[in-house]
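At position 40 of the sequence shown the residue is numbered 104 (our numbering), and the sequence of numbers has no breaks.
C-beta: ideal position from N, C-alpha, C; glycine also.
Below is one structure, written out as structure tokens; the observations come after it.
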Amino acid sequence: MKPLVAALAKGRLSGDAIDLFGRAGILSAGMKSALGALEKKSRRLIFSSPDSDLRFFLAKAPDVPTYVDYGAADVGVAGKDTLMEGRRNLYEVLDLGFGACTMAVAGPEEARDHLTRGNNLRVATKYPRIAIDYFVRRKQQTVEIIMLGGSVELAPIIGLSDVIVDIVETGSTLRENGLTVLEKIAPISARLVVNRASMKIERERIALMIKKLKAVLP
Ligand code: PRP
């Protein structure tokens with residue numbers, strides 16, 4: 065039987081995803097520890113077990129929806145942030161609960177006034193589509209989006225932007241940099257996504273996976 069292929073996001077979600085699939089009995093103990101090792105230090109990118117009809121691989125978080133959209137993976141675990149930004153045509157079937165954080169507009173307290181009334185705000189972000197959607201479509205404000213690759217909190221401190229659009233989890237990165245949440249955009253958490261064709265072709269195996277995951281979710 066062709067293995068069912070699952071893409072997991074590397075980084076902040078991978079540990080919880082491996083743990084959840086383990087608790088759900090989808091990953092055997094052997095697979096779980098091999099994948100755990102993969103996540104921690106190995107440069108190996110893909111893991112499949114000869115005694116299982118499942119193959120797992122770890123991909124960069126924003127790439128997971130791409131693998132699933134093209135059918136290179138049947139299912140994937142990705143953050144709602146990457147799904148909102150990627151806008152792929154996938155089935156989002158389950159909120160997995162972990163990786164909970166907030167997509168927010170943040171900046172120095174002094175930016176609050178400009179944010180509510182001003183136009184031509186400069187917004188630094190790793191999420192340009194989410195930022196445009198929020199400011200232009202929802203708030204009908206004109207903004208200049210400055211795309212950055214990471215450590216976005218630097219931008220308002222250095223004077224590159226007025227505010228940022230980013231995920232806030234514990235809030236410690238904002239606090240340590242004298243910034244604060246100014247507006248909340250959306251709650252974020254990890255989601256199980258399924259390729260549209262796989263949902264039909266692999267319906268039984270995917271339904272079983274969803275059932276097993278649901279059984280261990282709070
Ligand atoms: C994310 C995000 C914030 C931080 C928020 O960055 O972009 O910078 O985590 O977490 P906190 O509220 O718990 O402090 P990440 O660690 O993924 O790295 P990056 O900034 O290089 O993208």
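- prompt: Nearest to Arg255 by CA position, among Lys74, Lys66 and Ala81, is which residue?
  reply: Looking at the Cα atoms, Ala81 is the closest of the given residues.
task: Determine the extent of the alpha helix (DSSP H) in which Met148 is found, giving its start and end residues.
output: Lys144 to Gly150
- prompt: Beta carbon of Ala71, beta carbon of Phe120: below 9 Å?
  reply: Yes, Cβ-Cβ distance for Ala71 and Phe120 is below 9 Å.
query: From His192 to Thr166, what distance separates their C-alpha atoms?
result: Reading the sequence as shown, one finds Pro at residue 192 and not His. Computed Cα separation, rounded: 16 Å.
field: Pocket of the ligand PRP defined by Cβ to heavy atom distance under 7 Å
entry: Counting only heavy atoms of the ligand PRP, the residues whose C-beta sits closer than 7 Å to one of them are, along the chain, Gly75, Arg76, Cys165, Lys190, Gly214, Ser215, Val216, Glu217, Asp230, Ile231, Val232, Glu233, Thr234, Gly235, Ser236, Thr237 and Leu238.
- prompt: Tell me the DSSP bridge mates of Glu156?
  reply: Val257
Sub-9 Å separation of Asp138 and Asn259 beta-carbons: yes
- request: Could you say which of Glu268, Leu243, Ile231 and Leu246 lies nearest to Ile252 if we only look at CA atoms?
  value: Ile231
message: Restricting to Cα atoms, I'd like to know which of Val128, Ser92 and Ile274 is closest to Lys291.
response: Within the shown structure, residues of the chain are numbered from 65 to 282, placing residue 291 beyond reach of any answer.
Chain-order list of residues whose beta-carbon lies under 8 Å from that of Phe162 (same chain, five-residue window excluded): Leu77, Asp80, Ala81, Leu84, Ser253 and Ala254
task: Using alpha carbons as the reference points, say which of Thr130, Ala142 and Val132 lies closest to Ala164.
output: Answer by Cα proximity: Ala142.
task: Would you mind reading off the limits of the alpha helix (DSSP H) that contains Val132?
output: Annotation for Val132: the continuous alpha helix (DSSP H) segment containing it runs Val128 to Asp133.
message: Are there any heavy atoms of the ligand NAD lying less than 8 Å away from the beta-carbon of Asp127, as far as the coordinates show?
response: Because the ligand NAD does not appear in the structure shown, any question about it cannot be addressed here, the ligands present being the ligand PRP.
- request: Excluding the 5 residues preceding and the 5 following Ile196 in the sequence, name in chain order all residues of the same chain whose CB lies nearer than 8 Å to its CB.
  value: Val207 and Ile209
query: What residues match up with Lys248 in a beta bridge as DSSP calls it?
result: Ala168
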